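Peer 1: Input: one structure, supplied below.
2 protein chains.
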Amino acid sequence: MFIDHLSIIGVGLIGGSLARALRKAGCVNRVTGCNQSVDTLKKARALAVIDDYTLAVNEAVADADVVVMATPLITTEKLLPQIVESLKPGAILTDVGSAKGSVVSVARGVMGDKFPFFIPGHPIAGTEQSGVEASFATLFIDHRVILTPLSDTNLEALKLITEMWQAVGADVINLDVEHHDEMLAATSHLPHLLAYTLVDCLADMQAREEIFKYTAGGFADFTRIAASSPEMWHDICFSNRLAILNALKNFACHINKITHTIENSDSETLLAFFQRAKNARDKLTPRT
Amino acid sequence: MFIDHLSIIGVGLIGGSLARALRKAGCVNRVTGCNQSVDTLKKARALAVIDDYTLAVNEAVADADVVVMATPLITTEKLLPQIVESLKPGAILTDVGSAKGSVVSVARGVMGDKFPFFIPGHPIAGTEQSGVEASFATLFIDHRVILTPLSDTNLEALKLITEMWQAVGADVINLDVEHHDEMLAATSHLPHLLAYTLVDCLADMQAREEIFKYTAGGFADFTRIAASSPEMWHDICFSNRLAILNALKNFACHINKITHTIENSDSETLLAFFQRAKNARDKLTPRT
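Chains as they are written, first to last, in the numbering used here: chain A, 1 to 288; chain B, 289 to 576.
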């Protein structure tokens with residue numbers, strides 16, 4: 001696997017880390033960066049994350065063999081038509097968004113006969129940091145990357161993007177679009193929303209200053225993910241809206257059930273609930 | 289601060305760690321252990337956590353200067369009358385339960401003129417492990433211990449228990465009983481219930497085997513606390529029932545609010561919510 005000319009649209013934590021990792025693996029010749037902010041691009045250049053840069057999407061894309069769209073999900077609708085217009089025939093486009101249904105639907109609408117060369121992707125990796133300064137070459141090692149190819153996806157393109165992620169240490173799997181979105185809503189989007197809601201809940205309490213003083217380690221663990229980028233999570237809620245709403249409603253039902261169990265002092269049901277959850281959680285241990 | 293004869297009722301993670309730490313600090317002469325299981329006591333003796341042991345509460349307590357009740361909260365009602373019966377006049381009793389209202393109410397009912405020598409306590413420390421094998425001398429260093437003295441608490445007794453916890457490295461503060469329980473419900477009991485509920489929620493899904501495969505780091509962090517002892521959390525739900533029910537209902541309101549915001553695609557409110565929570569969480573950083 002070798003990419004002669006890679007173009008990264010959105011040189012942040014994910015885009016920057018992918019560029020660094022591919023360069024480190026010797027899998028890329030030239031990396032062009034494209035970003036809204038010229039300061040970011042200068043920084044990325046100074047950090048040797050990219051070789052050259054441009055503020056113009058069409059320029060960034062025109063000569064590229066592979067284009068990685070690593071911008072906030074909300075920008076997809078605006079960016080995709082610009083990218084597609086300048087994409088060489090046979091050049092491959094992939095993305096890194098954590099919701100796939102909305103991206104695929106926009107891509108199908110605007111890409112026409114280039115659609116088979118769009119490989120929807122989602123690396124399950126990240127930190128609470130964002131920006132190119134926070135990027136690092138080992139971010140994807142032993143992390144999963146989910147690709148959601150469609151029935152009309154070009155298999156050569158799928159193979160190349162699979163190998164690209166494998167080259168930076170990731171474990172690549174394929175899933176259906178809907179399956180991906182439902183799964184991510186449950187395992188990532190919902191926990192993030194709960195953490196944000198918990199912090200907001202406590203910040204609303206009368207004794208707010210004091211209350212944060214008495215929080216123990218468990219609380220810090222639980223809410224660490226609520227320090228992620230508000231803009232990103234705002235976008236995710238829009239891009240995976242239906243699956244997230246289902247997950248939230250399902251969680252609310254479970255919370256009501258446990259509230260009633262405590263209200264009724266139903267000792268047996270309560271203990272069974274804790275035991276069942278602990279058993280399920282313990283199975284996870286090898287991956288933590 | 290020196291305790292000639294310390295008696296630990298319930299030689300588990302907390303009781304065992306306190307005994308180890310006091311011994312390491314040279315603050316105790318003799319430690320007697322008392323437990324339901326003789327195997328645990330033999331193990332504790334072999335690990336030099338205790339000097340001697342007995343299965344009989346009255347024997348364990350009779351000669352002690354300080355008695356630490358470190359048993360599950362649910363045992364309080366059964367244990368306290370037995371302890372009180374054999375407690376020397378002037379001997380001090382303290383506990384480590386994470387809910388204080390219910391313990392104080394039982395103690396006031398059965399202790400009579402010994403009640404001023406009961407110092408309700410709660411070390412905010414622990415791991416997901418339990419049992420004396422998991423105990424270690426440094427568990428309390430830089431952790432908070434909350435004491436909830438009453439208006440009729442003996443001040444000399446309060447001073448000694450304060451110094452006991454300080455001797456093992458803890459930061460001791462005093463709070464009202466109600467205030468403690470409300471605070472702990474919000475910052476510890478609620479997050480634990482949410483983590484257990486989230487795991488239970490996912491375990492209920494059709495794709496349960498698969499779903500746990502795709503969980504990322506954030507999920508593991510978030511649900512780590514759901515690996516704690518089911519029995520302990522069952523007991524806490526009963527011992528701090530009202531404060532926990534309030535916290536759960538308050539959280540359910542917040543979850544409904546955020547669900548409606550997403551349902552209505554209310555971009556501005558959603559972004560403000562994430563931003564507010566991130567700001568509150570970021571303030572926590574120095575303590576994590």
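Glycine included, C-beta positions come from ideal geometry on N, C-alpha and C. Small disclaimer: the values here were computed from a predicted structure and weren't measured.
Counting only beta-carbon separations shorter than 7 Å, does A:A70 have a partner in chain B?
Peer 2: Locating residue 70 of chain A in the first sequence gives position 70, counting from the first residue. No, because no Cβ of chain B sits closer than 7 Å to the Cβ of A:A70.
Peer 1: Name the two residues that bound the continuous alpha helix (DSSP H) containing A:I50.
Peer 2: Position 50 of the first sequence, counted from the start, is the residue given in the question as residue 50 of chain A. No alpha helix (DSSP H) contains A:I50, which DSSP labels as neither H nor E.
Peer 1: Assuming B:N462 and B:P437 form a contact by the criterion Cβ under 8 Å, report the distance between their Cβ atoms to the nearest whole angstrom.
Peer 2: Counting from one through the second sequence, the residue named residue 462 of chain B turns up at place 174. Counting from one through the second sequence, the residue named residue 437 of chain B turns up at place 149. Yes, B:N462 and B:P437 are in contact; Cβ-Cβ is about 6 Å, under 8 Å.
Peer 1: Listing by chain order, which chain B residues have their CB less than 9 Å from the CB of A:F238?
Peer 2: As a working note, residue 238 of chain A is residue 238 in the first sequence. Per Cβ cutoff of 9 Å: I550, S553, S555, L558.
Peer 1: Along the chain, where does the beta strand (DSSP E) containing A:N144 start, and where does it finish?
Peer 2: Here residue 144 of chain A is taken as the residue at index 144 of the first sequence, counted from 1. It should be pointed out that residue 144 of chain A corresponds to Arg in this sequence rather than to Asn. 144 to 147 is the span of the beta strand (DSSP E), which, as asked, contains A:R144.
Peer 1: Any idea which residues DSSP pairs B:S374 with across the strands?
Peer 2: Working through the second sequence from its first residue, we reach residue 374 of chain B at position 86. Paired residue(s): none; B:S374 is not in a bridge.
Peer 1: Check this for me: beta carbons of A:I244 and A:H180, under 7 Å apart or not?
Peer 2: Here the question's residue 244 of chain A lines up with position 244 in the first sequence. Here the question's residue 180 of chain A lines up with position 180 in the first sequence. Contact: no.
Peer 1: With distance defined between alpha-carbon atoms, name the residue in B:I429, B:T441, B:R564 nearest to B:P408.
Peer 2: Your numbering for residue 408 of chain B matches position 120 in the second sequence. Here the closest residue by C-alpha is B:T441.
Peer 1: Using a Cβ cut-off of 7 Å (strictly closer), state whether A:L73 contacts chain B.
Peer 2: Working through the first sequence from its first residue, we reach residue 73 of chain A at position 73. No, A:L73 does not count as interfacial toward chain B.
Peer 1: Let me know if A:I141 comes out buried or exposed under the rule of 16 or more other beta-carbons within 10 Å of its beta-carbon.
Peer 2: As a working mapping, residue 141 of chain A is identified with position 141 in the first sequence. Under this definition A:I141 is an exposed residue.
Peer 1: Using a cut-off of 8 Å between C-beta atoms, extract the partners of B:H344 located in chain A.
Peer 2: Locating residue 344 of chain B in the second sequence gives position 56, where the first residue counts as 1. In the sequence under discussion, the amino acid at residue 344 of chain B is Ala, which differs from the His named in the question. Those within 8 Å of B:A344 in chain A number zero; the least Cβ separation is about 28 Å.
Peer 1: Using a Cβ cut-off of 7 Å, pull out every chain B residue sitting near A:N250, in sequence order please.
Peer 2: As a position in the first sequence, residue 250 of chain A is number 250, starting the count at 1. Simply C489.
Peer 1: Taking A:N29 as the reference, give the member of A:G126, A:R276, A:A48 with the closest Cα.
Peer 2: Residue 29 of chain A sits at position 29 when you count from the first residue of the first sequence. Checked all of A:G126, A:R276, A:A48; the closest Cα to A:N29 is A:A48.
Peer 1: Between B:G385 and A:T94, what straight-line distance do the alpha-carbon atoms span, to the nearest angstrom?
Peer 2: The count along the second sequence starts at 1 and reaches residue 385 of chain B at position 97. The count along the first sequence starts at 1 and reaches residue 94 of chain A at position 94. Their Cα atoms are separated by approximately 54 Å.
Peer 1: Can you tell me whether DSSP reads B:F424 as helix, strand or coil?
Peer 2: Your numbering for residue 424 of chain B matches position 136 in the second sequence. Coil at B:F424, not helix or strand.
Peer 1: Count the other C-beta atoms from every protein chain shown that fall within 10 angstroms of the C-beta of B:C322, then say buried if there are 16 or more, exposed otherwise.
Peer 2: Within the second sequence, numbered from 1, the residue matching residue 322 of chain B stands at position 34. By the neighbour-count rule (16 or more Cβ atoms within 10 Å), B:C322 is buried.
Peer 1: Give a yes or no on whether 7 Å exceeds the smallest Cβ distance from A:K78 to chain B.
Peer 2: For the purposes of this step, residue 78 of chain A is identified with residue 78 of the first sequence, where counting begins at 1. By this cut-off, A:K78 is not an interface position.
Peer 1: Would you call the region 398 to 417 of chain B in contact with the region 366 to 381 of chain B, where contact means no fewer than 3 C-beta pairs closer than 8 Å?
Peer 2: Judged by Cβ distances under 8 Å, the region 398 to 417 of chain B makes contact with the region 366 to 381 of chain B, as three or more pairs qualify.
Peer 1: Assuming B:Y484 and A:F273 form a contact by the criterion Cβ under 8 Å, report the distance between their Cβ atoms to the nearest whole angstrom.
Peer 2: Locating residue 484 of chain B in the second sequence gives position 196, counting from the first residue. Locating residue 273 of chain A in the first sequence gives position 273, counting from the first residue. About 7 Å separates the two Cβ atoms, so the contact holds.
Peer 1: Quick one: give me the first and last residue of the alpha helix (DSSP H) that B:N442 is part of.
Peer 2: Taking the first residue of the second sequence as 1, we reach residue 442 of chain B at position 154. Neither: B:N442 is in no alpha helix (DSSP H) and is coded neither H nor E.
Peer 1: Please report the distance separating the alpha-carbon of B:K566 from that of A:P72.
Peer 2: The count along the second sequence starts at 1 and reaches residue 566 of chain B at position 278. The count along the first sequence starts at 1 and reaches residue 72 of chain A at position 72. Whole-angstrom Cα-Cα distance: 18 Å.
Peer 1: Go ahead and label A:A280 buried or exposed: buried means 16 or more other beta carbons lie within 10 angstroms of its beta carbon, across all protein chains shown.
Peer 2: Taking the first residue of the first sequence as position 1, residue 280 of chain A is located at position 280. By the 10 Å Cβ count, A:A280 comes out buried.
Peer 1: Give a yes or no on whether 7 Å exceeds the smallest Cβ distance from B:L533 to chain A.
Peer 2: Translated into positions along the second sequence, residue 533 of chain B becomes position 245. It does: the Cβ of B:L533 has a partner Cβ on chain A nearer than 7 Å.
Peer 1: State the CB to CB distance for the pair A:I8 and A:D65, rounded to an integer number of angstroms; the pair is presumed to be in contact (CB under 8 Å).
Peer 2: Within the first sequence, the letter at position 8 stands for residue 8 of chain A. Within the first sequence, the letter at position 65 stands for residue 65 of chain A. Rounded, the Cβ-Cβ distance is 13 Å, inconsistent with contact.
Peer 1: Given a cut-off of 7 Å on the beta-carbon distance, is the pair B:I338 and B:V319 in contact?
Peer 2: In the second sequence, counting from the first residue as 1, residue 338 of chain B sits at position 50. In the second sequence, counting from the first residue as 1, residue 319 of chain B sits at position 31. Yes, Cβ-Cβ distance for B:I338 and B:V319 is below 7 Å.
Peer 1: Which word fits A:A46, buried or exposed, when buried means at least 16 other C-beta atoms lie within 10 angstroms of its C-beta?
Peer 2: Along the first sequence, read from residue 1 onward, the residue named residue 46 of chain A stands at position 46. The residue is exposed, with fewer than 16 neighbouring Cβ atoms inside 10 Å.
Peer 1: Tell me whether B:E470 is buried or exposed, calling it buried when 16 or more other Cβ atoms sit within 10 Å of its Cβ.
Peer 2: Residue 470 of chain B sits at position 182 when you count from the first residue of the second sequence. Classification of B:E470: buried, given that the 10 Å Cβ count is 16 or more.
Peer 1: Is the separation between the beta-carbon of B:L394 and that of B:L435 shorter than 7 Å?
Peer 2: As a first step, residue 394 of chain B must be located in the second sequence, where it is residue number 106. As a first step, residue 435 of chain B must be located in the second sequence, where it is residue number 147. Checking the displayed sequence, the identity of residue 394 of chain B turns out to be Val instead of Leu. No, these two residues do not count as a Cβ contact at 7 Å.
Peer 1: Can you list, in chain order, the residues of the region 10 to 27 of chain A whose Cβ is nearer than 7 Å to any Cβ on chain B?
Peer 2: Result list empty, no residue passes.
Peer 1: Would you say A:T148 lies against chain B (beta-carbon separation less than 7 Å)?
Peer 2: Here residue 148 of chain A refers to the residue found at position 148 when the first sequence is read from its first residue. Chain B contact via Cβ: absent.
Peer 1: Only counting the same chain, and skipping five residues up and downstream in sequence, which positions put a Cβ closer than 7 Å to that of A:I236?
Peer 2: For the purposes of this step, residue 236 of chain A is taken as the residue at position 236 of the first sequence. Excluding positions up to five away in sequence, the list reads L73, S98, A99, H189.
Peer 1: On the premise that A:D200 lies in contact with B:H542, defined as a C-beta separation below 8 Å, what is that separation, rounded to the nearest angstrom?
Peer 2: In the second sequence, the residue the question calls residue 542 of chain B occupies position 254. In the first sequence, the residue the question calls residue 200 of chain A occupies position 200. Yes, they are in contact, since the Cβ atoms of B:H542 and A:D200 sit about 6 Å apart, within 8 Å.
Peer 1: Is the shortest distance between the beta-carbon of B:T485 and the beta-carbons of chain A less than 7 Å?
Peer 2: Here the question's residue 485 of chain B lines up with position 197 in the second sequence. Yes, contact with chain A.
Peer 1: Mind pulling the chain B residues with CB within less than 7 Å of A:F140?
Peer 2: Position 140 of the first sequence holds residue 140 of chain A. Those within 7 Å of A:F140 in chain B number zero; the least Cβ separation is about 12 Å.
Peer 1: Output, in chain order, the set of chain B residues within a Cβ distance shorter than 8 Å of A:T259.
Peer 2: Translated into the one-based positions of the first sequence, residue 259 of chain A becomes position 259. Ordered by position in chain B, the residues that pass the 8 Å Cβ test against A:T259 are L533, L536, K537, A540.
Peer 1: For A:L193, count neighbouring Cβ atoms within 10 angstroms of its own Cβ and tell me buried if that reaches 16, exposed if not.
Peer 2: Against the first sequence, residue 193 of chain A aligns to sequence position 193. A:L193 comes out buried.
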